[in-house]
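Structure first, commentary second.
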Amino acid sequence: MDQKFLKPYSPDETEAAIYKRWENSGYFNPDNLPGDRPDTFSIVLPPPNVTGTLHMGSALMLAIEDIIVRYKRMQGFKTLWIPGTDSAAIATQARVEKDIQKAEGKSRHDLGRPELLKRIDAFIETTKNTIIDQMRAMGASLDWSRYAYTMDDKRYGAVMHAFIKMYEAGLIYRGHRIVNWDPKGQTTISDDEIVYEERKDKLYYLKYGPFIIGTSRPETKFGDKYVVMHPDDKRYAQYADRQQIELEWINGPITAIVIKDPGVDMEFGTGVMTITPWHDMADFELAEKYDLPKEQVIDWYGKLLPIAGEFAGMKITDAREKIIEKLASKGLVEKIEDYTHNVATAERTGGMIEPQIKLQWFINVTKEYTAKDGTKTTLRDMMTQTVENGDVTFLVERFEKQYLHWAKNLRDWCISRQIWFGHRIPVWYRGNDMKVQVDSPGDGWEQDSDVLDTWFSAGLWTFTTLGWPDETEDLKKYHPTALIESGYDILPFWIARMIMMSGFHLGTVPFKTIYFHGLVRDGQGRKISKSLGNNIDPVDMAKKYGMDAVRIALIMGMAPGTDSKIDENKIRGYKNFANKIWNIARFVLENVEKTDIEEPHTLSKEDADDITELNRTVREVTRHLDEYRIDLAADAVYHYVWHTFADQVLERSKTVMNGTDVVAQRATAWKLYTILITSLKMLHPYMPFVTEEIWSSLSAQAGLPMKDGGMLMIARWPAVVE
RNA sequence: GGGCGAUUAGCUCAGUUGGUAGAGCAACUCUUUUACACAGAGAAGGUCACAGGUUCGAGUCCUGUAUCGCCCACCA
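Just so we're aligned: the first sequence equals residues 540 to 1261 in my numbering.
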């Protein structure tokens, strides 16, 4: 027996070497897998941020996917798991800008676009290996020969192609729209980068002709000409829709126009409001509805425009008090109340968001187009029907409800972003002319300065990673993918967009099943965050307890779609399990001989019952895994190995092995060996390192014949033992 | 405000066609017997949030209440 079994299992001495063996074997690439494999199984990895490091959330994702992929590979599927990294455009650019500001005191405008992009690429070069090395440390059996990066040449070209195709189909258009403008960062930001801060402000009640209007933002009110109330509000029954009213306002007399709209809340304030379409989302929609003019009051730096008269050029925060003073002097302030509300601020700069109207690019989700199968549909209908038909299924049913609710209410998607790092919009302008193409049409043409929302390219990910728009073998074999696995928090951003993009460009679903895992929280159920300092680094934990322990600790008790908790104690517990397996192997190796495996035996009743119990476990574990309930399968195999195999079968066998019945001894040895082999196979997807290490000892050092030869990684998943 | 969940042992959670309540940690008792003390044996611990209903039978299905959580939209 190998001397290494005389001491406890030592992960740090084995893991890196084992991973190297797997990688050198080439079996991560399905093209190299041995045997006849008629069916394929493919997953794309949700690409982690290229500049990031592994956290427990991504560790959980890698563990789940690797477990499924290893299981399918052992079952005989031609199994492909595609690795990749994401440019995380906004986050990465912000990070590099911050570094440059700190080191050189320069802004991106000082550097210029080409120089900033060069710096970003250089930064990514220095950071990208960190995350890739950490994925390897996890034991992830990813096919590195197919590695993709969202901004590499192949993917960039595919994104351009996709944009142009959708433009040609009439689904991409340019239009005005309110955006979240961050005056401090001089950029538009997406809804999910907004942080709402509770703030104590004043609610001003102002006399607006015969009405009293409540506002927390008097500085936006200069251009307000429309006064809106509910049509059923009896207090204002005397005023007719579109009635004109002369009244005195901040900078003199104006003509106001009454609008009756049922969207007004009669209960709030006085039930009357004026609207500022340029700087308020809801007001913008009202203005669109009634085709009202829109006027800009605040400029891109947060200062008042000439429409504010004497206040022009002032910052809004400074102007507010002065405007109120003036209104008060004119007797237009009715009263002032304290008011607590949520204010939108930019996550990165901390600046107050100022809604502004800008020209943006959109995807139209309600316009008809001709689908690949010749039928007419809209993106929104296609996205809804795909799920209602069952072409895509959610492993956890409640997410289907969420998805459908979201998809049915889908609005046009704003895909342009005012940053520099990303897939630049392939549109060129010269005067009033516009051309949609990748390369410059010639002299005097200037490219649109915006880049695409990162979710645009992400939506294409399942097929750009397989070589699209070329009609590659990979695309034919591996698309649609079998499964997407991610956190449920990106359902609307990513999962839905993949269904949209794949449906439009390929006429197929991107994946057949959607598996959402929950958030990983700390031992007390709190979110993992930098400010709490409660992050548990999976790689650190692996150094202490072994990656196998980290992996199985993450997935034990983790029902799909439900948040789970992880703490160091749990990981420590599963380190003990790894050692348990180690010692089971040691015991079996001490008792089994080569001939025990090669020759037939007559089994006792007890031996037969033990094999029956093993078979029952194989069936249960296989059934759970087929339903992607890897947590239940893990529980079953864990319980079997420790409390049935080790505590009962193995303990009982001691009596036989110490006895004198040689025939029974040989049969028992065969039984122990058979159960060990089968257990290792069932455990391998979960704890690939320790099981592979034991496997290699069984085949090499002990000289025992392995039915499957070579590596456990490609051994056949256990069938019921006859 | 709209939507979706959760509530089961001290803690974390399973419980898949309704059929005598389960696991892992933690705590308790005993045991150092060459696979493993990173262990074994044993005992303890629950009105399954609450109130109704359907049923021979409900943790499971239905209705309502309470508390907690998440997502979306945010009120001038």
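Beta carbons are placed, not taken as given, at the ideal position from N, Cα and C, and that holds for glycine.
Could you pull the DSSP bridge partners for Phe1305 from this structure? Past the boundaries of the shown model lies residue 1305; the chain is included only from 540 to 1261, so the question cannot be answered.
Taking only three categories from DSSP, how would you classify Pro894? strand
If you check the beta carbons only, do His769 and Gly808 fall under 8 Å apart? no
The stretch 1126-1141 / the stretch 1098-1112 touching (three or more Cβ pairs under 8 Å): no
If we count the other Cβ atoms within 10 Å of its Cβ and call it buried at 16 or more, is Lys611 buried or exposed? buried
Among the residues of its own chain, which have a CB less than 7 Å from the CB of Arg675, if the five just before and after it don't count? Tyr558
Are Thr1004 and Val583 closer than 8 Å when you measure CB to CB? yes
Using a Cβ-Cβ cut-off of 6 Å (strictly less than) and excluding sequence neighbours within five positions of Leu742, which residues of its own chain qualify? Gly753, Ser755, Glu876, Tyr878
Where the beta strand (DSSP E) containing Ser1025 begins and where it ends: 1020-1026
Can you confirm whether the stretch 675-686 touches the stretch 607-626 when touching is taken to mean that 3 or more C-beta pairs between the two stretches lie within less than 8 Å? yes
Can you tell me whether Thr726 is helix, strand or coil according to DSSP? strand
What are the partner residues of Arg716, as DSSP defines its beta bridges? Lys897
Other residues of its chain near Tyr1167: CB distance less than 8 Å, five sequence neighbours each side excluded: Ile607, Leu934, Leu1022, Thr1052, Tyr1054, Pro1099
Mind checking Glu1231: buried by the 16 CB within 10 Å criterion, or exposed? buried
Where Thr1001 and Thr618 are concerned, what is the direct C-alpha to C-alpha distance, given to the nearest angstrom? 15 Å
Once you ignore the five residues that flank Met1095 on each side, which residues in its own chain have a CB closer than 8 Å to its CB? Lys1109, Tyr1113, Asp1170, Ala1173, Asp1174, Tyr1177
Rank Ala627, Phe1032, Thr665 by C-alpha distance to the C-alpha of Gln941 and give the top, closest one. Phe1032
Taking the C-alpha atoms as reference points, what is the distance between Asp551 and Val1259? 34 Å
Starting from Val811, trace the beta strand (DSSP E) both ways and give me its first and last residue. 811-813
Please tell me whether Val1131 and Leu1211 are closer than 8 Å, where the distance is taken between their beta carbons. yes
Is the beta carbon of Pro749 closer than 8 Å to that of Leu866? no
Tell me whether Phe1050 sits in a helix, a strand or coil according to DSSP, three-state version. strand
So, helix, strand or coil for Phe1032, using DSSP? helix
Beta carbon of Met613 nearer than 8 Å to that of Ala1254: yes
Should the stretch 699-713 be regarded as contacting the stretch 589-604, the criterion being three or more beta carbon pairs within less than 8 Å? no
The stretch 908-928 touching the stretch 826-843, judged by at least three CB pairs closer than 8 Å: no
Counting pairs of beta carbons, one from the stretch 969-979 and one from the stretch 1024-1044, are three or more of them closer than 8 Å? no
Does the distance from the CB of Thr813 to the CB of Val766 come in under 8 Å? yes
In or out: Tyr712 buried (at least 16 other Cβ within 10 Å) or exposed? exposed
Determine the direct distance from the alpha carbon of Thr666 to that of Trp1234, and round the result to whole angstroms. 36 Å
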